[in-house]
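In our numbering, the protein residues as written are 402 to 558.
Where a beta carbon is used, it is the ideal one built from N, C-alpha and C, also for glycine.
Remarks on the structure that follows.
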């Protein structure tokens, strides 16, 4: 039985969203090298980007349970886009600092946590109960592949 167009829209948007996360995870330290030569400050960016998963995962789950998941996903991606555009503007104007990168990394991480949690939570609304296992596996596969493999690989090219 096919998973349906709603599922494939979610799968595609999740793939692109996680691809951007993967690119961001490689690009951010490369930008930081232009601002500081401190290995600990550059490594701290990775911590700042991953910390929201530890700190906000339960809150993101509660939000996904109480609010419209589609809206949460849209807002999370919109916030990420605005943050990245602001970062580009700051970099182009030459007024950036390592601390601005820390703020952006943390806030993008919060948005990523909300988006990915909402994407997983919306599955029961868009696929049949007997298709949940297959749909969840495919969604997780595209998230992992885009975030951990394709995104970092495309950032290095």
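If we call anything under 8 Å between Cβ atoms a contact, is residue 528 one with residue 405?
Numbered from 1 along the chain shown, position 127 holds the residue referred to as residue 528. Numbered from 1 along the chain shown, position 4 holds the residue referred to as residue 405. The answer is yes: Cβ separation under 8 Å.
So, for residue 575: in the same chain, excluding its five sequence neighbours on each side, which residues have a beta-carbon less than 8 Å away from its beta-carbon?
Absent from the structure is residue 575, since the part of the chain shown begins at 402 and ends at 558.
With DSSP as the reference, label residue 534 as helix, strand or coil.
Counted from its first residue, the chain shown places residue 534 at position 133. In the structure shown, residue 534 sits in a helix (DSSP, three-state: H, G or I).
In angstroms with no decimal places, state the Cα-to-Cα distance between residue 517 and residue 532.
As a working note, residue 517 is residue 116 in the chain shown. As a working note, residue 532 is residue 131 in the chain shown. Cα to Cα, residue 517 sits roughly 19 Å from residue 532.
Simplified DSSP assignment, three categories, for residue 422
One-based indexing of the chain shown puts residue 422 at position 21. The answer is helix: DSSP assigns residue 422 an H, G or I state.
Residue 481 classed as buried or exposed, judged by whether at least 16 other C-beta atoms fall within 10 angstroms
To locate residue 481, count along the chain shown from 1; it is residue 80. By the neighbour-count rule (16 or more Cβ atoms within 10 Å), residue 481 is buried.
Hey, would you say residue 451 sits closer than 8 Å to residue 519, going by beta carbons?
Here residue 451 corresponds to residue number 50 of the chain shown, with the count starting at 1. Here residue 519 corresponds to residue number 118 of the chain shown, with the count starting at 1. No; because the gap between Cβ atoms is not below 8 Å, this pair is not in contact.
Residue 495, buried or exposed, once every other Cβ within 10 Å from all chains shown has been counted against 16:
As a working mapping, residue 495 is identified with position 94 in the chain shown. It is exposed - the Cβ of residue 495 has fewer than 16 other Cβ atoms within 10 Å.
How would you call residue 417, buried or exposed, if buried means at least 16 neighbouring beta carbons within 10 angstroms?
Within the chain shown, numbered from 1, the residue matching residue 417 stands at position 16. The residue is exposed, with fewer than 16 neighbouring Cβ atoms inside 10 Å.
Just curious, the alpha helix (DSSP H) that residue 549 is in, first and last residue?
Position 148 of the chain shown, counting from 1, holds the residue named residue 549. Counting along the chain, residue 549 falls outside any alpha helix (DSSP H), and DSSP gives it neither H nor E.
Tell me the DSSP secondary structure of residue 499 in three-state form.
Translated into the one-based positions of the chain shown, residue 499 becomes position 98. Residue 499: helix per DSSP, three-state reduction.
Considering just the uninterrupted stretch of the alpha helix (DSSP H) at residue 443, what are its terminal residues?
By one-based count along the chain shown, residue 443 stands at place 42. 440-467 is the span of the alpha helix (DSSP H), which, as asked, contains residue 443.
Can you tell me whether DSSP reads residue 492 as helix, strand or coil?
For this step, residue 492 is matched to residue 91 along the chain shown. Helix, per DSSP.
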